[in-house]
Amino acid sequence: MAKLRIAFSGIGAVGGYYGGMVAARYQGTIKADIFFIARGENLKAIREKGLQMQLGIRTIHTAPALATDNPAEIGPVDYLFCCTKSYDLEENIQQLKPVIGPKTVIIPLLNGLDIEERIHNILPGQEVWKGCVYIGSRLTEPGVVEKFSLKERIFFGNKDANKDKQTELLKLLMYARLNAFNPADIDLRIWKKFFMISTAATATSFFNQPIDEVLAQHIDLFIALGTELKSVAEAMGVSLPDDIVYTSIETQKMMPAGSTTSMHSDFLAGKKTELETLTGYVIRQAEKLGVDVPTYRFMYNGLSFYPYPKNQ
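Letter 156 of the sequence shown, counting from 1, is numbered 160 in this note's numbering, and no numbers are missing.
Here it is in structure tokens:
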């Protein structure tokens, strides 16, 4: 049986952890070859010292079969995990074409509800499965990933895709000691993740505050965001739990004091942000469906047209 070929594009907080765990498990085995697509100082560090993962009191060192910024050096793979930010998706997919063959399955682990559609716009007919993760991790320095959450979960799947192939990948991920799931309701799982991050990212970025301060000082507007997003979901035919607005708030309350979202962090650092993916998308869908989302629109306009951060 031929070795599986699996590539991870974007070796940061998410791709570094999941790619690193899979590489550590299958390094030197006959089961799979793992490839990292990275760039800059991160790539240089991985090439020189491998990837280091700090998991509480445990540290794991691993190395892929190849780490490169040139996908042509890898060639077509069986599975491609895309772990970049959503604003880089189109450019990233174009660059990744050398590793995407007719039988390649693309699994994006990006924030957003329209990721599959955007990939198909570039690669019509390509097999794309949906995916999302729940994890607290960060790239602390080039070549070093720290997982700071106690738990992690990865969900993937496609209700129309070959089930045996999905089971194959599920077993591979679970054998790498990952909490992997291949649920029948993957679309609902993606929506629940989006619900949590869209509301939190929009509010933390708009108020320029960590999530605990937003909930303490602006709970009414946070509830308004959730209520509006649930209305958009219903207009799209998505049935979310009746209490999702409040269960989402309770989940956010469990975050350590001072925690914020990646979109807020990107705003503070003056980087590109996922504003269009996490906030603008809601407004565009609402307009198509005739749903009023005044709180989303107000915060989106503020984040789009005013200097940031607003308290400097």
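Cβ atoms here follow ideal geometry from the backbone N, Cα and C, with glycine treated the same way.
One question on the structure: do residue i and residue j come within less than 8 Å of each other, judged by their Cβ atoms?
| i | j | result |
| --- | --- | --- |
| SER90 | GLU278 | yes |
| SER202 | ALA17 | no |
| LEU342 | ALA237 | Nothing about residue 342 can be read from this structure; the chain reaches only from 5 to 316. |
| ASP224 | MET259 | no |
| PHE198 | LEU117 | yes |
| ASN125 | ILE158 | no |
| ALA180 | MET57 | no |
| ALA42 | ASP73 | yes |
| TYR285 | LEU229 | no |
| PHE85 | GLY23 | yes |
| GLY20 | SER13 | no |
| PHE211 | LEU307 | no |
| PRO80 | GLY60 | no |
| PHE317 | ILE253 | Here the chain has residues from 5 to 316 only, and residue 317 is not among them. |
| LEU47 | ALA71 | yes |
| ALA27 | ILE38 | yes |
| ARG29 | ASP82 | no |
| LEU244 | TRP195 | yes |
| GLU121 | ALA165 | no |
| GLY274 | PRO214 | no |
Using DSSP's beta-bridge definition, name the partner residues of residue i.
| i | result |
| --- | --- |
| SER13 | ILE41 and CYS86 |
| ILE158 | VAL137 and ALA184 |
| GLU217 | Answer is none; GLU217 lacks a bridge partner. |
| HIS222 | Paired residues: none, contrary to the question. |
| GLN330 | Absent from the model: residue 330. The displayed extent of the chain is 5 to 316, so no value can be given. |
| LEU143 | VAL149 |
| LEU70 | PHE39 |
| GLU52 | Answer by DSSP bridge pairing: none, since GLU52 is not bridged. |
| VAL132 | ILE110 |
| LEU8 | ALA36 |
Less than 8 Å between the CB atoms is what I'm expecting for residue i and residue j, so what's the real figure, rounded?
| i | j | result |
| --- | --- | --- |
| ALA205 | THR108 | Not quite, the Cβ-Cβ distance comes to about 30 Å (not below 8 Å), so this is no contact. |
| PRO75 | VAL103 | 5 Å |
| TRP133 | ASN162 | 4 Å |
| ILE123 | ILE139 | Between ILE139 and ILE123 the Cβ distance is about 22 Å, and since that is not below 8 Å, they are no contact. |
| LEU143 | VAL149 | 6 Å |
| ALA11 | ILE78 | 6 Å |
Check for me: the alpha helix (DSSP H) holding residue i runs from which residue to which?
| i | result |
| --- | --- |
| GLU120 | 119 to 126 |
| THR171 | 167 to 179 |
| LYS257 | 248 to 257 |
| ASN305 | 298 to 309 |
| VAL286 | 285 to 293 |
| ILE97 | 93 to 99 |
| GLY191 | Checking the sequence, you will find Asp at residue 191 rather than Gly. 190 to 211 is the span of the alpha helix (DSSP H), which, as asked, contains ASP191. |
From which residue to which residue does the beta strand (DSSP E) around residue i run?
| i | result |
| --- | --- |
| LYS151 | 148 to 151 |
| ILE64 | 62 to 66 |
| ILE110 | 109 to 112 |
| THR264 | Where THR264 is concerned, there is no enclosing beta strand (DSSP E), given that its DSSP letter is neither H nor E. |
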